[in-house]
Structure formats: C-alpha cells, structure tokens
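J.: Residue numbers (the working numbering): 50 to 339.
The structure's right below; bear with me while I get my questions together.
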Ligand code: SAM
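What follows is the structure, given as structure tokens:
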C-alpha cells in the first residue's frame, strides 16, 4: 500500500479541506483499529469515505466484502487503481455523496446485517449518526473515527456540558465504546486535533422502549434546542402542541422536576416524559368537543 503523501505527489492531488481529507498515514494504526473492531471473514462492511484506501485495503483482507462510498471522483479513480495493485477484488466503489445513499437498502441488498466503518469528515459526522440510528435494524454496528471533541460528546454521560441531543439519542439505542485514540500526527495532512475511534453497538431499548420513537427524538431535539432554559420553558416554546400547564403536568407525572435542564435527563427519563406527553395529548384530544 502506498502512502497518502506519495499518492498526492504522484497524482498531483491537493487534499480538500471541505471534504475533510486528512488521510490516515499509518498502516499499523489501520490494522489495530480493524483488529480491535473484531472484523470477521464473513462480515460485509460499508465504508464511508474510503479516500486513498488506508482502511479499505486492510478491511478487504479481513472481511468478505467491502462497499466503499466516496464522494470525490478523482479519489475514487485512484482508489480503484490502488485496489487492483493490492489484489483486493472484493471491494465495490460507489461514487456518491453518502448523504444521498440509502444505507439501509444497501444492507438489505447485501442480504445480511452490515457493519459501517469510516474515518468521517467532521462536517457530516452528526448527520451520519442520525441516519445510522434510523437504519439500525439493518446496520447493528458502526466503527467510526471522529474528531476527539465530537467523540467525547458522543460517549458523555448525562449531567454535563458534553451530553447533548445526539448523545441522548445514542444512549437510548446503543452502547458506545472507545476502541482507540489516534493522534493528529498519524494523518496527512496533519489536522489540528486528535481523533478517536468509537464502536457504536445498537441494541433494542428493552427495558424502556418509547411509545413513539419519532416523537421521542423530536422531544429530545426540542429539549436540547434551548438547553439553557428549564425543561418547562424549553418545551413550552417547542411546538409540541401542548399548553404549558399540560407540559408541567406531564413532567411531574414522569417524576421530573420542571425546573431541570435537558442535559440532566437520562434516556430513561426522556422516554418516561415521552410516554407521559403521549398521555397528556390523548387526554387533551378526548376533551375536545365533538
Ligand atoms: N478513509 C480514508 C482514510 O482514513 O485515510 C479517508 C478519510 S478522510 C478523513 C474522509 C473521506 O471522506 C475523504 O476521502 C472524503 O473525500 C470523503 N468524503 C467527504 N464527504 C463525503 C461524503 N459526503 N460522502 C462520501 N464521502 C465523503
């Protein structure tokens, strides 16, 4: 495998900042990540942003097949040549913006649950996680590299500044585990910040399923939309079609002090609140004159 420094020189490539092109430049790190992720010979892996193949080539050796989605056409062409050079015949490259790809359908096409891998560009990391949460029945596991700051937020516990909307959504349906820390010096060009590799293992929320998951996620978004406000105020202005007194009642019925803030609520408490808001909405409907 040729280094990204060499490939950039050979092909006169300028890594594009807006596509988050900081390539992993250390093959040993790629192998450690794949080892720790426990990729098995029968696995099918969907890789987001394969770039010049730092993860794609070792993944192709560890897994049954790899589907690699790359937005940058010139990189996709170089990657295709690199794969031939490395004798990797089990990789399919899709030249596309991953945000236009239906990941769940890709998994269904594969005929088995798939693992998503990727060293993600910062600007689409949160959107990808939200899509993965939606597609989690077909994609039970993801192994993703994030800028450290975002990784810290994704694995934060309730109660602090780092715990936010996506953390609460993830904690509702997944277990997040740190697999590795990769310092900035392992990339080319060298970014300003270190990275972390997280494993996101989706699991059914067995003990506390929401009544309606869409509403749960809207509620979490509304609560964190105004995270400095008390829940009572944040939710009253959030278009939940309930009057403030009904919101206060729902909070109390869920055993939540209306003066608390979103960041102090565990996922279980968000679910309790969603269920009690559902009850309040049904009661309000029942009281409408016919
Ligand atoms: N996986 C390679 C590695 O570790 O060296 C490259 C990682 S680089 C941080 C991010 C990659 O994602 C780049 O190849 C970039 O072109 C690609 N990319 C950026 N935005 C994308 C998008 N919306 N859809 C698909 N690929 C994207």
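Quick reminder that beta carbons are idealized off the backbone N, C-alpha and C, glycines included.
Along the chain, where does the beta strand (DSSP E) containing residue 230 start, and where does it finish?
T.: Per DSSP, residue 230 belongs to the beta strand (DSSP E) from 223-231.
J.: For residue 174, which residues in the same chain have their Cβ closer than 8 Å to its Cβ, ignoring the five residues on either side in sequence?
T.: These residues qualify, in order along the chain: 193, 195, 196 and 199.
J.: Measure the alpha-carbon distance for residue 268 versus residue 214 and round it to whole angstroms.
T.: Between residue 268 and residue 214, the C-alpha separation is close to 10 Å.
J.: Taking only the alpha-carbon atoms, compute the straight-line gap between residue 316 and residue 260 and give it to the nearest angstrom.
T.: Each residue's Cα considered, the two are about 13 Å apart.
J.: In this structure, how does DSSP classify residue 244 when only helix, strand and coil are distinguished?
T.: Residue 244: strand per DSSP, three-state reduction.
J.: Any idea if residue 105 is buried or exposed, counting beta-carbon neighbours within 10 angstroms, 16 or more meaning buried?
T.: That one is buried.
J.: Just the C-alpha distance for residue 304 and residue 314, rounded to the nearest angstrom, thanks.
T.: Cα to Cα, residue 304 sits roughly 11 Å from residue 314.
J.: List the whole-angstrom C-beta distance separating residue 165 from residue 95, where the pair is believed to meet the contact cut-off of C-beta under 8 Å.
T.: So it is a contact: roughly 5 Å between Cβ atoms.
J.: Return the chain-ordered ranges of every beta strand (DSSP E) run that is complete within the region 139-221 and spans a minimum of 3 residues.
T.: DSSP runs (the beta strand (DSSP E)) wholly in the region 139-221: 140-144, 164-168 and 190-196.
J.: Decide if residue 339 is buried, meaning its Cβ has at least 16 other Cβ atoms within 10 Å, or exposed.
T.: Below a pLDDT of 50, predicted positions are generally treated as unreliable, and residue 339, at 48, falls in that range; the measurement from the model is reported next regardless. Label assigned to residue 339: exposed.
J.: On the DSSP bridge list, what partners appear for residue 114?
T.: Answer is 93, bridged to residue 114.
J.: Report all residues from its chain with a CB closer than 6 Å to the CB of residue 289; omit the five preceding and five following residues, and keep chain order.
T.: Excluding residues within five positions, none has a Cβ falling inside 6 Å.
J.: Roughly how many whole angstroms lie between the Cα atoms of residue 222 and residue 254?
T.: In a straight line, the C-alpha of residue 222 is about 5 Å away from that of residue 254.
J.: Regarding residue 71 and the ligand SAM, is the C-beta to nearest heavy atom distance less than 7 Å?
T.: Residue 71 Cβ: within cutoff of the ligand SAM.
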